[in-house]
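> Structure below; questions to follow.
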Amino acid sequence: MALAGLRRVRFHDLRHSCATLLYEQGVPIERIQDVPGHSSPAITKLIYVEVTRQAQRSTTDKLGYA
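First residue of the sequence shown? That's 1 in the numbering used here, and the numbers climb one at a time after it.
Pasting the structure below:
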């Protein structure tokens with residue numbers, strides 16, 4: 001992988017990506033928590049869902065309409 005210029009991807013990284021992509025698509029956090037099997041939506045939101053620039057931009061755009 002190093003020769004190809006790719007970074008190592010762990011299975012755990014895929015869990016983060018999955019949660020983030022679902023969140024960006026508008027899936028409720030309570031449903032996303034079921035995918036990795038978390039007992040609390042707070043764990044999913046605080047640890048697994050990464051806020052992307054696209055999500056941040058969408059939020060600030062909504063403020064512009066107000």
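Backbone N, C-alpha and C fix where the C-beta goes; we use that ideal spot for every residue, glycine too.
Please confirm whether residue 41 and residue 19 have their CB atoms less than 8 Å apart.
One-based indexing of the sequence shown puts residue 41 at position 41. One-based indexing of the sequence shown puts residue 19 at position 19. Cβ distance not < 8 Å, so residue 41 and residue 19 don't count as in contact.
> Leaving out five residues on either side along the sequence, give the residues of the same chain with a beta carbon under 6 Å from the beta carbon of residue 43.
Counting from one through the sequence shown, the residue named residue 43 turns up at place 43. Taken in chain order, the list of residues that qualify is empty.
> If you follow the alpha helix (DSSP H) that residue 21 is in, where does it begin and where does it stop?
The count along the sequence shown starts at 1 and reaches residue 21 at position 21. Unbroken alpha helix (DSSP H) run through residue 21: 11–24.
> Quick check: residue 56 and residue 24, are their CB atoms within less than 8 Å of each other?
In the sequence shown, counting from the first residue as 1, residue 56 sits at position 56. In the sequence shown, counting from the first residue as 1, residue 24 sits at position 24. Not closer than 8 Å, so no.
> Comparing alpha-carbon positions, which option in 59, 58, 32 lies nearest residue 46?
Residue mapping note: residue 46 aligns to position 46 of the sequence shown, counting from 1. Taking only the C-alpha atoms, the option nearest residue 46 is 32.
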